[in-house]
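For the sequence shown, the tail end lands on 429 under the numbering used here, and the numbers increase by one without skipping. Written below as structure tokens is the structure these notes are about.
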Amino acid sequence: MGNRGYENGPRHSGSRSGRSGSDRRSTAARSAARSRGSSVSGRPRREELRDNYYYEEPPRGWREGDQFQDISSYSSPRRRREDQRRPSGRDASRRTRKKSSVGKKIAVTFLVLLILVGAGFFYVFGYLLNGLTMTSITKDPAELGIQDGAMSHSQIKNIALFGLDAREDEDVGRSDALMIMSVDQKHSKLKIISILRDSEVIIDGYGSDKITHAYAYGGPELAIKTLNQNYNLDIEDYVTVNFIQMAEIVDAFGGVEINVTDDEMTEINNNLAMQQAESNDAKILDSDYLSQSGDLLLNGNQAVAYARIRHLDSDDVRASRQQEVLMGLVKSLKSKSVLDYPELIRKIMPMCETSLDFGDIMGMSPFMLTDFEMETLSIPGEEEQPYGDYNDAGAWVYRYDITAASQHISRFIYEEESPYYAGSSAE
């Protein structure tokens, strides 16, 4: 096209050569044109520049009839070529909208996948917990007996464990086994505290009585309140099983390894016979009766009978047997493959009642996959200076220093965080 090719563009139609007389301008016309800044020479008038724009040669590939382009001034030919390649007008808008549309589709797809994965997770989790009895108890600290000075820690969760001696499902029963399970993620420990069932404490509304009666008087809420008020704790949740269900839980774990003495073997068989006579749900088999002592793998019925031995020795030894069964279950759990967990959870959940919700259970689940330690404590111990006596109702009870017991429990659960920990200024 050459340097004068712009004359043939859409704004400059017709040939400029061979101008006729009619095309010639008068002197007055030329003067008017000059006043407007136009050329007065024989060259055609170039349109005046606006905003530092000028007419440049059309880009390569321009054809007659194409729209002429206003192109900004550039500092280099390279910048000019880059701008010429950039889409403009409707094309650019269309491409921007297309990118925005693609981005929205990706976001929507990701959101749908997230929802599906979440739904699948909760479906699986719900399947595993199917049959678990979840209850709702008050969350008001005052109603649960949590005092202003009670210690708590974000990484330590204290849960009351109640083992009922109910012979039938409709019988509320007493908490024959009463424990506090402390899930201590700070120190990577699972701690079990047994409170002896015959401990004399104050039960709100009932005065001085055995702690085992609190559950029968007012269910898990009153039992939790009794623990919190007497031992200055922060318990808000519980798990309950009765002993018949406990047998099924032990069987689900594949049994527990226990060293059984000759005297304990006799008591186990006595308890099996009593259990068979008292409950149709016990399902005691002839093969459950022991014929030897020593290191044995006890099934569910045998383990429950072992934990309920009460006539052989003291109540604190009985509590240690209950702890031994529970620790045996945890030991069995740690020895299993993670792949065994889903089926195990599915089996034991229908046998439990708890105030823990899905969020609580999910929050503690990763801890059970860690290599945590286990520690146990029985209250009262020597530190509490316990002694046996008869209460006003003529029942035999353990009496001891409840304040010393609460400080002992605080040290055991919170360790260096406790004001009663060894070496603490408050000790």
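Where a beta carbon is used, it is the ideal one built from N, C-alpha and C, also for glycine.
Along the chain, where does the beta strand (DSSP E) containing residue 392 start, and where does it finish? What you label residue 392 is simply residue 390 of the sequence shown in a count that begins at 1. 389-392 is the extent of the beta strand (DSSP E) around residue 392.
Between residue 359 and residue 314, what straight-line distance do the alpha-carbon atoms span, to the nearest angstrom? One-based indexing of the sequence shown puts residue 359 at position 357. One-based indexing of the sequence shown puts residue 314 at position 312. One C-alpha to the other measures close to 39 angstroms.
So for residue 211, helix, strand or coil by DSSP? Along the sequence shown, read from residue 1 onward, the residue named residue 211 stands at position 209. Residue state for residue 211 is assigned as strand, using DSSP reduced to three classes.
Go ahead and label residue 302 buried or exposed: buried means 16 or more other beta carbons lie within 10 angstroms of its beta carbon, across all protein chains shown. As a position in the sequence shown, residue 302 is number 300, starting the count at 1. It is buried - the Cβ of residue 302 has at least 16 other Cβ atoms within 10 Å.
Find out if the Cβ-Cβ distance for the pair residue 294, residue 309 is shorter than 7 angstroms. Counting from one through the sequence shown, the residue named residue 294 turns up at place 292. Counting from one through the sequence shown, the residue named residue 309 turns up at place 307. The beta carbons of residue 294 and residue 309 sit no closer together than 7 angstroms.
Three-state secondary structure (DSSP) of residue 232: Counting from 1 along the sequence shown, the entry for residue 232 is found at position 230. Helix at residue 232.
For residue 430, does the count of other Cβ atoms within 10 angstroms reach 16, so buried, or fall short, so exposed? Nothing can be reported for residue 430, as the shown portion of the chain is limited to 3 through 429.
Nearest neighbour of residue 138, chosen from 155, 351, 223 [CA to CA]: The sequence position of residue 138 within the sequence shown is 136, counting from 1. It is 223 whose Cα lies nearest to the Cα of residue 138.
Whose C-beta lies closer than 8 angstroms to the C-beta of residue 346 among residues of the same chain, with five residues either side of it excluded? Along the sequence shown, read from residue 1 onward, the residue named residue 346 stands at position 344. These residues qualify, in order along the chain: 254, 255, 335, 338.
Could you tell me which residues DSSP puts in a beta bridge with residue 260? The sequence position of residue 260 within the sequence shown is 258, counting from 1. Note: residue 260 sits in a beta bridge opposite 298.
Can you tell which of 193, 212, 239, 277 has the C-alpha that lies nearest to the C-alpha of residue 412? Position 410 of the sequence shown, counted from the first residue, corresponds to residue 412. Here the closest residue by C-alpha is 193.
Are the segment 230-250 and the segment 150-157 touching, with three or more C-beta to C-beta distances below 8 angstroms? Yes, since at least three Cβ pairs between the segment 230-250 and the segment 150-157 fall closer than 8 angstroms, the two stretches touch.
Residue 145 classed as buried or exposed, judged by whether at least 16 other C-beta atoms fall within 10 angstroms: Within the sequence shown, the letter at position 143 stands for residue 145. By the Cβ neighbour-count rule, residue 145 is exposed, with fewer than 16 other Cβ atoms within 10 Å of its own.
Segment limits, beta strand (DSSP E) that includes residue 179: Here the question's residue 179 lines up with position 177 in the sequence shown. It spans 177-186 - the beta strand (DSSP E) in which residue 179 sits, taken as one unbroken run.
By the 10 Å Cβ neighbour count, where 16 or more other Cβ atoms means buried, how is residue 458 classified, buried or exposed? The structure shown does not extend to residue 458, since the chain spans only 3 to 429, so no value can be given for it.
Using only CA atoms, which one of 140, 386, 351 lies nearest to residue 242? Indexing the sequence shown from 1 puts residue 242 at position 240. When the alpha-carbon of residue 242 is set against those of 140, 386, 351, the nearest one is in 351.
Just to confirm the assignment, what range does the beta strand (DSSP E) spanning residue 242 have? Here residue 242 is taken as the residue at index 240 of the sequence shown, counted from 1. Segment 239-244, the beta strand (DSSP E) holding residue 242.
Below 6 angstroms CB to CB, which residues in the same chain sit around residue 163 once its five sequence neighbours on both sides are set aside? Within the sequence shown, the letter at position 161 stands for residue 163. Within the same chain, residue 163 has close Cβ partners 181, 183, 241.
Quick one, which of 406, 261, 366 has its alpha-carbon nearest residue 297's? Indexing the sequence shown from 1 puts residue 297 at position 295. The shortest C-alpha separation from residue 297 is found at 261.
Do you know whose CA, among 404, 268, 191, lies nearest residue 228's CA? Within the sequence shown, numbered from 1, the residue matching residue 228 stands at position 226. Of the candidates 404, 268, 191, the residue whose Cα lies closest to the Cα of residue 228 is 404.
Rounded C-beta distance between residue 355 and residue 135? I'm assuming under 8 angstroms. Start at 1 with the first residue of the sequence shown, and residue 355 comes out as number 353. Start at 1 with the first residue of the sequence shown, and residue 135 comes out as number 133. Contact check for residue 355 and residue 135: beta-carbon distance about 4 angstroms, within the 8 angstroms limit, so the pair qualifies.
To the nearest angstrom, report how far apart residue 129 and residue 361 are at their CA atoms. Counted from its first residue, the sequence shown places residue 129 at position 127. Counted from its first residue, the sequence shown places residue 361 at position 359. The predicted model places residue 129 with a pLDDT of 49, which falls under 50 and marks its position as unreliable; any figure quoted below should be read in that light. As the crow flies, the alpha-carbon of residue 129 is around 15 angstroms from that of residue 361.
Simplified DSSP assignment, three categories, for residue 417: For the purposes of this step, residue 417 is identified with residue 415 of the sequence shown, where counting begins at 1. Helix, per DSSP.
Is residue 191 closer than 7 angstroms to residue 375 when the C-beta atoms are compared? The count along the sequence shown starts at 1 and reaches residue 375 at position 373. The count along the sequence shown starts at 1 and reaches residue 191 at position 189. Contact flag set, yes.
Residue 208 burial status per 10 Å Cβ neighbour count (16 or more: buried): Here residue 208 is taken as the residue at index 206 of the sequence shown, counted from 1. Per the 10 Å Cβ criterion, exposed.
Under a Cβ-count criterion, where at least 16 other Cβ atoms within 10 Å of its own Cβ denotes burial, should residue 157 be classed as buried or exposed? The residue you call residue 157 lines up with position 155 of the sequence shown. Its Cβ having fewer than 16 others within 10 Å, residue 157 is exposed.
In the DSSP output, which residue or residues are listed as bridge partners for residue 191? Indexing the sequence shown from 1 puts residue 191 at position 189. Residue 191 is bridged to 186, 375.
Counted within 10 angstroms of its Cβ, other Cβ atoms place residue 216 as buried (16 or more) or exposed: As a position in the sequence shown, residue 216 is number 214, starting the count at 1. It is buried - the Cβ of residue 216 has at least 16 other Cβ atoms within 10 Å.
Mapping DSSP to helix, strand and coil, what is residue 423? Along the sequence shown, read from residue 1 onward, the residue named residue 423 stands at position 421. Coil.
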